[in-house]
Amino acid sequence: METWLAILLIVVALIAGAALGFFLARRYMMNYLKKNPPINEQMLKTMMMQMGQKPSQKKINQMMKAMNNQMK
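Using the working numbering, the first residue of the sequence shown is number 225, and each one after it goes up by one.
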């Protein structure tokens, strides 16, 4: 086998492996974040209380809906 062909195959394999790894990692993280959202209603309520706001359930629901829409 010629040297340039071996080098070309190695480079192609590295690029293909990097691309496949990127997409698999991205898919895994999207599924993980969908199952375990980074913020929930209780955390949102606590943050609003720390900022000096009295959170109503309506306001919490609006903010959760906006964050869920942003994730999609």
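By construction, the Cβ of each residue, glycine as well, lies at the ideal position given by its N, Cα and C atoms.
Query, Result
"Chain-order list of residues whose beta-carbon lies under 7 Å from that of GLU265 (same chain, five-residue window excluded)", "ILE284 and MET288"
"Alpha-carbon spacing of GLY276 relative to LEU268, whole angstroms", "13 Å"
"Alpha-carbon spacing of GLU226 relative to LEU233, whole angstroms", "11 Å"
"Delimiting residues of the alpha helix (DSSP H) encompassing ILE284", "281 to 295"
"Beta carbon of MET272 nearer than 8 Å to that of PRO279", "yes"
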